[in-house]
Every structure is written in C-alpha cells, then in structure tokens.
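Reviewing the structure listed below.
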Amino acid sequence: MNGAEFLVNCLKNEGVDTAFGVPGEEMLDCLQAMGRGGIRPIATHSAASAVWAAAGYGSITRRPGVAFGAPGPAALQMAPALASCTRDGYPVVAIIGTTRRDRHLSTDRGHLDLTGALAPYCKHVAGVASGPVIRDEVREAFRQAYRDKAGAVALVLPEDIAAAPVDESLQPVTRYRQGRPFPEPEAVEEAARHLDGAERPVIIAGQGVARSGAHEELMALAEKAGIPVVATFAGKAAIAFDHPMLAAYAGLQVDDHPDSLLHRADVVLCAGYEPAEWDPQRWNPHLTLRVIHVGEAPAHVQVHYNPVVEIVGDLNAALSRLTSLLEPRVRPGWAGPDGIAGQVKRGLEDEMERLRRDHSFPIEPGRLVLELAQAMRRSDLLAVDVGAHAAWAGRLFPVRHPGTYWTSGVFKAVGFAVPFALGLALAMARGEGNRVVALCGDGGFLRHGTEVQTAARLGLPLVVVVAHDARYGLTDQQAVNAGAGPWATRFGPFEPGQVARMAQALGALGIEVHDSDHLPRALREALDSDRAAVVAVPVDPHAHQKLGRLETVRARV
Numbered sequence: 001m002n003g004a005e006f007l008v009n010c011l012k013n014e015g016v017d018t019a020f021g022v023p024g025e026e027m028l029d030c031l032q033a034m035g036r037g038g039i040r041p042i043a044t045h046s047a048a049s050a051v052w053a054a055a056g057y058g059s060i061t062r063r064p065g066v067a068f069g070a071p072g073p074a075a076l077q078m079a080p081a082l083a084s085c086t087r088d089g090y091p092v093v094a095i096i097g098t099t100r101r102d103r104h105l106s107t108d109r110g111h112l113d114l115t116g117a118l119a120p121y122c123k124h125v126a127g128v129a130s131g132p133v134i135r136d137e138v139r140e141a142f143r144q145a146y147r148d149k150a151g152a153v154a155l156v157l158p159e160d161i162a163a164a165p166v167d168e169s170l171q172p173v174t175r176y177r178q179g180r181p182f183p184e185p186e187a188v189e190e191a192a193r194h195l196d197g198a199e200r201p202v203i204i205a206g207q208g209v210a211r212s213g214a215h216e217e218l219m220a221l222a223e224k225a226g227i228p229v230v231a232t233f234a235g236k237a238a239i240a241f242d243h244p245m246l247a248a249y250a251g252l253q254v255d256d257h258p259d260s261l262l263h264r265a266d267v268v269l270c271a272g273y274e275p276a277e278w279d280p281q282r283w284n285p286h287l288t289l290r291v292i293h294v295g296e297a298p299a300h301v302q303v304h305y306n307p308v309v310e311i312v313g314d315l316n317a318a319l320s321r322l323t324s325l326l327e328p329r330v331r332p333g334w335a336g337p338d339g340i341a342g343q344v345k346r347g348l349e350d351e352m353e354r355l356r357r358d359h360s361f362p363i364e365p366g367r368l369v370l371e372l373a374q375a376m377r378r379s380d381l382l383a384v385d386v387g388a389h390a391a392w393a394g395r396l397f398p399v400r401h402p403g404t405y406w407t408s409g410v411f412k413a414v415g416f417a418v419p420f421a422l423g424l425a426l427a428m429a430r431g432e433g434n435r436v437v438a439l440c441g442d443g444g445f446l447r448h449g450t451e452v453q454t455a456a457r458l459g460l461p462l463v464v465v466v467a468h469d470a471r472y473g474l475t476d477q478q479a480v481n482a483g484a485g486p487w488a489t490r491f492g493p494f495e496p497g498q499v500a501r502m503a504q505a506l507g508a509l510g511i512e513v514h515d516s517d518h519l520p521r522a523l524r525e526a527l528d529s530d531r532a533a534v535v536a537v538p539v540d541p542h543a544h545q546k547l548g549r550l551e552t553v554r555a556r557v
C-alpha cells in the first residue's frame, strides 16, 4: 500500500465516494488509487468548478464534498471557489497534489507554498509530511470542514509521499461524527423573555437555516409565537413561500416589500443570518431594534448589528429550545394573513401577478423567474448564480419546498451556479431523481458554462437557464445611473442563438427563446428532456433600472 492508497482508504472511511477535479501528473497516483479503491474521480473543466461541484454534491449527501487539483496555477484557480465555500458555509475538502519535496526549491516546476497561499481562503490548510500522518490529516480536515460554520479545507500532498510505501497495518482513524455545541440555557431564556415581551417581533431567516436543515424548527417557532418571517435571498430555502408566516424576501439595499414590516418592528430574531446577506443598516437604520442573534458562530458585531442576546451553537437545538420556552401568541394585526405581514406579502404577490401578465419581448427578468418556478416541480432544486437575474430570483422566486434553493449569497461568486448544480444533479441521480436547474446570466455562463459538457458526458439531465442581455447587468446599470459610459460592462455583439449553439457543441440540448409565448414551452421542453439542456432567454436589459425604484411596487401599509 502506498500513500495514495492509504489516502483513499481514509477518504472512504469518511463516506467519500466521488471527487471532482482537474488532473495533473502530481495527482496520478491518487487518481489511480481512487479508481481502483471505489471513489469515482470526475474530471471538470476548471479547478474552481471542481470545488463548486464538490460543494453541490456534499450539500445533498450531507458530507463534505471532495475536490482534487494540481499545484501551481491550477491550485490558485481553486482559491476563489474555496473562499466562496468558506464564506457561504459549504463544507469542502480539497486534496491538492504538489511536486516532490526535493523539487520544492526548483524554479522549473509549478511549485508554490500552497499552505501559505491558500490559508486566507480556507478554514484550515495542512501539508502532509509523511504517509502515516495522512490518517490524522484527513480526520482533522473533515472535522474542520464542519466545525462551527462549515467551510473549505485543503490538504497538500507531495507526490513522493503519495507514491511511497505505507505500512499495511495502518488503519484510518475512526470516522468523524459531527457534533455541535449546545447553546447556553441562560442565553436562550433571555431571548425568550425579549420575544415574549415584544409587540411586533420579526424573524430574519438567513442562509444558516437552510444550510443546517433547521427548517422545521424555524417554522415551529414562527407558528407558536406568531412571528412573521423575512427570508434573505441567501436564506430563501429556509421556509416555503406558501407558509402563512412568510412575509417577504429581502436582500436589496433599496426600499422593497419587507421595509414596511421591519420599520415597525421592535425585536428582530436573526436566525442563521450574516450581515453580508442583507446590510443591517438597511433594516436597523436608527439603532432602535433589539436584535437577537442565533447562529453556529458568534455575531459579526457592528454599529447596526449589535445583539442584545447571542445564542451560539447548534441552530436546530437553539431554535427548538427557544420554541419550547415561548408563550403561544397570535398577534392579530401584525402576523399572519390578516396582519401587516399579510399586507406585505399581498404586495409581493400583486407584483408577481403583474409580471406574469407581462408578455413583452425581450422578457422581463421577473417574468422569467416566475415562469421557471411554474415549470419546476415542488421538490426540484435551483442553483442561482450572481448577477442581476439573482436580484429578481431573490425577490420573486417562490420557493415551494425548504432546502431547494442554493446560491452564493454571502461571497457572491459569479460562475458558481452551473458547477454547483452539476454536483447537485450527480448526487440527486442516486436518489429521488428530482430535477436540477441552474439559473445564470450570460456573463456567469461564459465563465463556467463548459461544465454543461461534464453533465452531458455523465448523462445528467441538468437544465441551465441563461438570462441573456450581453452585459454585466447590475454593473452596467450602476454605470448608466452614474452618468458614466458602459466601459467593459457589455460584451456584445453576442446573440442568444450563440448560447444555444454553444450548448449543442458541448453535447447538450440548446434552445433559444424566440418570443414571449415561446418561453414556457421552451422551459418545459428542457425540463422534460432526459439530457443536459441550455435555454437561452433574451431579457430586457433596461428592466434592471426598476431595482433602484421599487417603492413603486412596495405595499403601502
């Protein structure tokens, strides 16, 4: 047994069955060992894509996804994806092969000090110093990937250690069992007193709720205490749209539907929330709100986010314990369909209905989002990229089942969605077979859309919907609003037909939407297909101007 084979034994001991990456000669021993040892290595078209695909796969399997890579430029290409997983809370373990130790001072190879180079982007980075310590480093990597808030970990394995013999008697360390610290009872009791004494409390549900699977606990708390919920764009998967306690989605830094609710609140319970999801200056501008922080990690305290109580620990346990202490409340006039929260939600629903009736062409981005929701089944999964389309999806996509909406909501990594959805689709192919969709702009698609070929190669029915306007929409609109020229914000001439032909060249079904009435048919065709498909949808580039003046659609309550 060599070091690479021992590594595979340790990874299998942690439940790993698949790894994504770009091969390099420094990883050949590991790849051979994976193939022979029952871990499926899947080649992607960029190292960053491998990390995001691993994150998507791990989000379904509930174990850290594994990515592999080579040293030098390939490893550095992993850095932004590792950073996004760390900031967004996706557990990933990256195994990076590097040159032999006797070549570390050589200038003719792609050697870098990867432990130093990747440390700012990961929760933990370790260089493997010998074959026997592989088991310790793998065990620690999986522990660190889940400790506190989940994130990315990197192991750097020199090729001479991977090839060197290891004592056959060595066995992996006992598999890591995830544990979470139980929240302090005193903090939970104090939070309960604040909520019981509140007249107009609101829950802000963040990405941490969806990430930890605390959906049921969140809904039980909201129902028992009669507290309306505002979900951030990153936390949309925390609660279904048709739940009576959901009021609105929040994430923009302009007047929008949830403002009417938050500006009347007296206590705000932030569950699994980080300030990067929705700037607290937006919803607590006058510093008058009593804020309760509930999260796996302590609050990032700032002027507008300075909690009176912090509950730190297992989110599921914290919400469950808090619910048990709260007095049952109905809160007429505030929560539910007949209260202010209900009026806010009706304002959102009215905007949705107006957009559904809009048949202009190019398509209104809001209508694209709603038509996509109509075409998807309740349990289908959606990965949303970063860009103007994400603002519309964040505001309007009605999540119908908790845990089905994924995005890079904190780090905001453009290009995230297609490879992440690839990982989701591969994991779902093992189970219920729910369909997976990636929604991205043409800018994000041009960065990592080549992973459509990976989906086609693997026979995965991944659907990619591309909102096409040949520009970086939000940046372009900001430039226009500032009276500046569109320098480097547009990349036309670039037509939707080119996106469809690109998809076909990559082995997928390519569909170009030709007119407004064609949109629902095109989406159904792609979703009903049993192969990878790309739908190019021309969207109105001027519609993004409306995101700056949403007071025209916000409910007046």
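For the sequence shown, the UniProt record's numbering gives the first residue as 1, with consecutive numbering after it. Ideal Cβ positions, reconstructed from N, Cα and C, are used throughout, including at glycine.
Contact under 9 Å by Cβ, residue i with residue j
i	j	result
Arg290	Val268	yes
Gly131	Pro165	yes
Ala373	Pro398	yes
Val418	Asp385	yes
Pro172	Cys10	yes
Ile134	Phe6	yes
Phe416	Asp515	no
Leu382	Met376	yes
Ala54	Val22	no
Ile60	Gly409	no
Cys85	Trp52	yes
Val202	Ala265	yes
Val452	Ala508	yes
Ala154	Val93	yes
Leu322	Leu195	yes
Pro64	Ala210	no
Enclosing beta strand (DSSP E) for residue i [first to last residue]
i	result
Ala231	229-232
Arg290	290-295
Trp406	405-407
Phe142	Note, Phe142: premise wrong, no beta strand (DSSP E); alpha helix (DSSP H) at 134-146.
His124	124-127
Val399	Element bounds for Val399: n/a, residue is neither H nor E.
Neighbourhood of residue i by C-beta, 7 Å cutoff - its chain only, sequence neighbours within 5 removed
i	result
His468	Asp442, Pro496, Val499, Ala536, Val537, Pro538, Val539
Gln545	Gln477
Arg100	Pro158, Glu159, Asp160
Ser46	Val22, Gln77, His448
Of the residues the options, the one placed nearest residue i, counting alpha carbons only
i	options	result
Ala4	Asp160, Ala79, Cys122, Gly21	Asp160
Pro120	Phe361, Trp406, Ala81, Gln178	Ala81
Arg435	Ala482, Thr407, Gly387, Asp528	Asp528
Val254	Arg395, Gly213, Ala94, Gly507	Arg395
Glu241	Arg378, Leu319, Thr44	According to the sequence provided, residue 241 is Phe. The question's Glu does not apply to it. Checked all of Arg378, Leu319, Thr44; the closest Cα to Phe241 is Arg378.
Tyr90	Ala265, Ala192, Lys123	Lys123
Leu221	Tyr249, Gln207, Arg211, Ala191	Ala191
Pro541	Leu287, His389, Ala33	His389
Gly72	Leu118, Ile363, Arg62, Ser324	Leu118
Pro244	Ser320, Glu186, His300, Ala335	Ala335
Met502	Gly449, Ala425, Ala198	Gly449
Gly127	Gly97, Phe142, Ala145	Gly97
Glu137	Glu168, His45, Val8, Phe20	Val8
Leu348	Leu370, Leu519, Glu184, Ile363	Leu370
Residue i: first and last residue of the uninterrupted alpha helix (DSSP H) it sits in
i	result
Pro80	73-88
Tyr176	Segment: none, Tyr176 is in no alpha helix (DSSP H) and carries neither H nor E.
Leu348	340-356
Phe6	3-13
Thr99	No alpha helix (DSSP H) contains Thr99, which DSSP labels as neither H nor E.
Pro185	185-196
residue 597	Residue 597 falls outside the range modelled here, since the chain spans only 1 to 557, and no answer is possible.
Val51	47-61
Ile161	159-163
Gly394	388-396
Thr44	Run containing Thr44: none; DSSP gives neither H nor E here.
Neighbourhood of residue i by C-beta, 6 Å cutoff - its chain only, sequence neighbours within 5 removed
i	result
Lys345	Ala247
Arg331	Gly226
Gly333	Gly339
Ala522	Ile511, Val513, Val535
Gly179	none
His359	Ser516
Chain-order list of residues whose beta-carbon lies under 8 Å from that of residue i (same chain, five-residue window excluded)
i	result
Ala205	Leu218, Val229, Val230, Ala231, Thr232, Gly235, Ala238, Ile239, Ala271, Gly272, Tyr273
Ala479	Gly485, Pro486, Trp487, Thr489
Gly387	Val414, Cys440, Gly441, Gly443, Gly444, Ala467, Tyr472, Gly473, Leu474
Where in the region 251-321 do unbroken runs of the beta strand (DSSP E), each at least 3 residues long, occur, reported from the N-terminal end onward? 267-271, 290-295, 309-312
May I have a chain-ordered list of the beta strand (DSSP E) segments no shorter than 3 residues that lie completely inside the region 415-453? 436-441
Where in the region 479-537 do unbroken runs of the beta strand (DSSP E), each at least 3 residues long, occur, reported from the N-terminal end onward? 509-512
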